[in-house]
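K.L.:
Structure in C-alpha cells, see below.
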Amino acid sequence: MYDLIIIGRGLSSLLFLKQYLDMHSDLKVLIIEKSKKIESKYISSWQGPGLLDLTKEYGIQADKAYKKISISNENIAIKKNILPYSYNTYDYKHVIETIFSSLKDSVEIIYDQVVSIKEMYNEVNVKTKKYKFQSQYLISSTSIDQQSVNNKKMLFQYFVGTKIQIKDNHKHDTCQLMHFLQSNNEVLFNYNLPFDQKSVLIETTAFGKKVHFENLEKIHKKSLAVFNIAKIIKREKGIIPMSVNHKFHRTARIINIGLDGGFARPSSGYMLLRAAQWSKINKNTNLKDLVFKEKKLINFLDKIFLKACYYYPDLANSIFIKLFNSNDIASVIRFLADIPTLYDIVKILINTPKKIMINALIK
Ligand SMILES: Cc1cc2nc3c(=O)[nH]c(=O)nc-3n(C[C@H](O)[C@H](O)[C@H](O)COP(=O)(O)OP(=O)(O)OC[C@H]3O[C@@H](n4cnc5c(N)ncnc54)[C@H](O)[C@@H]3O)c2cc1C
Numbered sequence: 200m201y202d203l204i205i206i207g208r209g210l211s212s213l214l215f216l217k218q219y220l221d222m223h224s225d226l227k228v229l230i231i232e233k234s235k236k237i238e239s240k241y242i243s244s245w246q247g248p249g250l251l252d253l254t255k256e257y258g259i260q261a262d263k264a265y266k267k268i269s270i271s272n273e274n275i276a277i278k279k280n281i282l283p284y285s286y287n288t289y290d291y292k293h294v295i296e297t298i299f300s301s302l303k304d305s306v307e308i309i310y311d312q313v314v315s316i317k318e319m320y321n322e323v324n325v326k327t328k329k330y331k332f333q334s335q336y337l338i339s340s341t342s343i344d345q346q347s348v349n350n351k352k353m354l355f356q357y358f359v360g361t362k363i364q365i366k367d368n369h370k371h372d373t374c375q376l377m378h379f380l381q382s383n384n385e386v387l388f389n390y391n392l393p394f395d396q397k398s399v400l401i402e403t404t405a406f407g408k409k410v411h412f413e414n415l416e417k418i419h420k421k422s423l424a425v426f427n428i429a430k431i432i433k434r435e436k437g438i439i440p441m442s443v444n445h446k447f448h449r450t451a452r453i454i455n456i457g458l459d460g461g462f463a464r465p466s467s468g469y470m471l472l473r474a475a476q477w478s479k480i481n482k483n484t485n486l487k488d489l490v491f492k493e494k495k496l497i498n499f500l501d502k503i504f505l506k507a508c509y510y511y512p513d514l515a516n517s518i519f520i521k522l523f524n525s526n527d528i529a530s531v532i533r534f535l536a537d538i539p540t541l542y543d544i545v546k547i548l549i550n551t552p553k554k555i556m557i558n559a560l561i562k
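Here the sequence shown stands for residues 200 to 562, numbered as in the numbering used here.
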C-alpha cells in the first residue's frame, strides 16, 4: 500500500512532488507513467518581480529569456521592453528530466498505462495494463475517470508549431507573442520564438469553437513560407480547453491536477507558473485538504474575455492590441501571470474596449 500514487510523470505531477516531498519526505510514493519517451515541446512563462522564481525553486534553466515582446496585426505593431520582467521559454523534456532526476531517490516509478481507478472508503485501487496497486490518495494528471467539461459554448486553443533552421540571419531578441491573421470565425495568430540567429519556433494558433487542424496546417504552411528554411528541426501540436467551466475537481481520495484538472488559465491556456505557484503554496497542506482555487476577479475577467472571443472572434484582436497598447506593460504582465494589483485590474478594465466587452457580458 502506497501513501500516494501519482498518475503521470508530467509537468504538474513533478512540480507538485518537488515541493511536497520537501515537507513530506517520509511518504511512500509511486508514479505510474505510460510512456518512457518524454514529449518534445516548449513551454513558456513570465518571470520577474513577485513571481515564483522557477530556476531557484525547481533548478530549471530557460532556453531563452526574452526582454522584449511584440504584438501586432496588419495595421499596427507594438514592441515593448518588459524589463524587469522576462518571458522565458523552457524545453519541456529538459524540465521533466531535471526535476525528475532530483526526485528519483524519493519515489518509485513504473512505466505502464493506468486503465482504471476505483475509490473505496479507505483506499484507492489503481489498475494498470499489467498490475494492481493500492494507495491512500491518488493524484491524477490525466482524465481517466473524470468530469467532462460539458459546456457547449467553449473555445479550444489549438496550435501547430514548427522549429526551423533558417538560411539567413535574423534578430532574436524579441518574442512575437501574437501576430494576428485575418479570420472571421476564430481568433487566429502566429506566435514566434526565435532561439538564436538561425533557429526559430513558428506556432500558428487558433481559439475556435471547433478544432480544424487541417485548415490550421494550411495557414501554418503559409506562415512558414516567408522564411528561407534550411531544415525543419521539430514539430509540435496541441489542444488546450479554454473555459471557466473546466474546473478543478477532487473527491475524498482522488485529486485531479494539471491541464485536465483545470489548472490552465482559461483565457490563455498557460499553466506552468500556475502549477508551480500552487505547488509551492501547498507544500504543507494535508492531502485531504488539497484544492486548487481560482482567483474570483481574474476568473470573472477571463469569462468576459472568453465570451468576447466566442461571439466576436473577428474583433478579439483589438482587445489584445488595446490591452498591450494602452496599459503599463508591468500591469499587463502581472495580470497575465495571475498577480495583478487592484490598480492593475482597474486600469485594465478602464482601457478595455467597452462596446465589445459589454455586449459579451450580456450574451
Ligand atoms: C505543445 C504545447 C505547448 C504548450 N505551451 C505552454 C506554454 O508555453 N506555457 C504554459 O504554461 N503551458 C503550455 N502548455 C500547456 C501545459 O502547460 C502543458 O501541456 C503541460 O505539459 C501540462 O501538464 P500536465 O501535468 O497537465 O500534463 P503532462 O505534462 O502532459 O503530463 C501528463 C503525463 O501523464 C501521462 N499519462 C497520460 N495518461 C496516462 C495513463 N493512462 N497512465 C499513465 N500515465 C499517463 C502522460 O504520458 C504524461 O507524461 C502547452 C501545451 C502543449 C501541448
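Built from N, CA and C at the ideal position, the CB exists for glycine as well. No experiment lies behind these values; they were computed from the predicted model shown.
With a threshold of 7 Å (Cβ to nearest heavy atom), would M470 be considered close to ligand 1?
P.N.:
If you number the sequence shown from 1, residue 470 lands on position 271. The answer is yes for M470.
K.L.:
So what does DSSP say about D313, is it helix, strand or coil?
P.N.:
For the purposes of this step, residue 313 is taken as the residue at position 114 of the sequence shown. Asp is not the amino acid found at residue 313; the sequence shown has Val there. Three-state DSSP puts V313 in a strand.
K.L.:
Going by Cα to Cα distance, which pick from N274, E435, I231, I281 is closest to Y330?
P.N.:
As a first step, residue 330 must be located in the sequence shown, where it is residue number 131. With distances taken between Cα atoms, Y330 lies closest to I231.
K.L.:
What's the C-alpha gap between L472 and V490?
P.N.:
Within the sequence shown, numbered from 1, the residue matching residue 472 stands at position 273. Within the sequence shown, numbered from 1, the residue matching residue 490 stands at position 291. Those two C-alpha atoms are separated by around 17 Å.
K.L.:
Could you check what DSSP says for R533 in three-state terms: helix, strand or coil?
P.N.:
Locating residue 533 in the sequence shown gives position 334, where the first residue counts as 1. Looking at R533 - three-state DSSP - the assignment turns out to be helix.
K.L.:
Looking at C-beta atoms only, is the number of pairs between the region 284 to 294 and the region 247 to 259 that lie closer than 8 Å three or more?
P.N.:
Judged by Cβ distances under 8 Å, the region 284 to 294 makes contact with the region 247 to 259, as three or more pairs qualify.
K.L.:
Looking at the secondary structure, which residues open and close the alpha helix (DSSP H) in which Q142 lies?
P.N.:
Since the displayed the chain opens at 200 and closes at 562, residue 142 lies outside it and no answer follows.
K.L.:
Report the option in P440, I439, I456, M441 whose CA atom is closest to the CA atom of F447.
P.N.:
Within the sequence shown, numbered from 1, the residue matching residue 447 stands at position 248. Minimum Cα distance to F447 is reached at I456.
K.L.:
Look at the alpha carbon of K233 and the alpha carbon of D311, and state the distance between them as a whole number of angstroms.
P.N.:
Walking along the sequence shown from the start, residue 233 turns up at place 34. Walking along the sequence shown from the start, residue 311 turns up at place 112. Rounded to whole angstroms, K233 to D311 spans 5 Å at the Cα level.
K.L.:
Checking the sheet assignment: what are the DSSP bridge partners for K430?
P.N.:
Counted from its first residue, the sequence shown places residue 430 at position 231. According to DSSP, which records beta bridges pairwise, K430 is partnered with Q364.
K.L.:
Can you tell me whether A405 sits near ligand 1, meaning its C-beta is under 7 Å from at least one heavy atom of the ligand?
P.N.:
For the purposes of this step, residue 405 is taken as the residue at position 206 of the sequence shown. No, the Cβ of A405 stays beyond 7 Å of every heavy atom of ligand 1.
K.L.:
Closer than 7 Å by C-beta to H371: which residues in its own chain qualify, once you throw out the five before and the five after it? Chain order, please.
P.N.:
Sequence index remark: in the sequence shown, residue 371 carries index 172 (1-based). The answer, listed in chain order, is P393, F394, D395, Q396.
K.L.:
Excluding sequence positions up to five away, which residues of its chain have a Cβ less than 6 Å from the Cβ of H419?
P.N.:
Along the sequence shown, read from residue 1 onward, the residue named residue 419 stands at position 220. Closer than 6 Å at the Cβ level, and outside the excluded window around H419, lie V359, T403.
K.L.:
Quick check on this structure: which residue in L302, E385, K292 has the alpha carbon closest to the alpha carbon of L514?
P.N.:
For the purposes of this step, residue 514 is identified with residue 315 of the sequence shown, where counting begins at 1. Nearest of L302, E385, K292 to L514, Cα basis: E385.
K.L.:
Who are H378's beta bridge partners in DSSP?
P.N.:
By one-based count along the sequence shown, residue 378 stands at place 179. H378 is bridged to S271, N389.
K.L.:
Sort F299, N368, L415 by Cα distance to F388 and report the nearest one.
P.N.:
Taking the first residue of the sequence shown as position 1, residue 388 is located at position 189. Taking only the C-alpha atoms, the option nearest F388 is L415.
K.L.:
Is V545 close to ligand 1? I mean its beta-carbon at under 7 Å from any heavy atom of the ligand.
P.N.:
If you number the sequence shown from 1, residue 545 lands on position 346. No, the beta carbon of V545 sits no closer than 7 Å to any heavy atom of ligand 1.
K.L.:
Decide yes or no for the touch test of the region 321 to 339 against the region 284 to 303: beta carbon pairs closer than 8 Å, at least 3 of them.
P.N.:
At 8 Å Cβ cutoff, the stretches do not touch.
K.L.:
Given 8 Å as the limit, is there contact between the region 203 to 212 and the region 470 to 484, that is, 3 or more CB pairs closer than that?
P.N.:
Judged by Cβ distances under 8 Å, the region 203 to 212 makes contact with the region 470 to 484, as three or more pairs qualify.
K.L.:
In chain order, what residues of the same chain have a beta carbon less than 7 Å from the beta carbon of K366, not counting five sequence neighbours either side?
P.N.:
Translated into positions along the sequence shown, residue 366 becomes position 167. These residues qualify, in order along the chain: N427, A429.
K.L.:
Out of curiosity, what's the CA-to-CA distance linking E238 and G437?
P.N.:
Here residue 238 is taken as the residue at index 39 of the sequence shown, counted from 1. Here residue 437 is taken as the residue at index 238 of the sequence shown, counted from 1. Straight-line Cα distance between these residues: approximately 11 Å.
K.L.:
From the DSSP output, in three-state form, read off I544 for me.
P.N.:
Taking the sequence shown and counting its residues from 1, one reaches residue 544 at position 345. Residue state, collapsed to three classes: helix.
K.L.:
What distance in whole Å lies between the Cβ atoms of S466 and L505, which are believed to be in contact at a cut-off of 8 Å?
P.N.:
Looking up residue 505 in the sequence shown gives position 306. Looking up residue 466 in the sequence shown gives position 267. About 6 Å; that satisfies the 8 Å criterion.
K.L.:
Give me the Cβ distance between S269 and A261, rounded to the nearest whole Å; I'm assuming they're in contact under 8 Å.
P.N.:
Indexing the sequence shown from 1 puts residue 269 at position 70. Indexing the sequence shown from 1 puts residue 261 at position 62. Not really, about 19 Å apart at Cβ, beyond 8 Å.
K.L.:
Comparing C-alpha positions only, which one of N481, I316, K263 sits nearest to D290?
P.N.:
In the sequence shown, counting from the first residue as 1, residue 290 sits at position 91. Minimum Cα distance to D290 is reached at K263.
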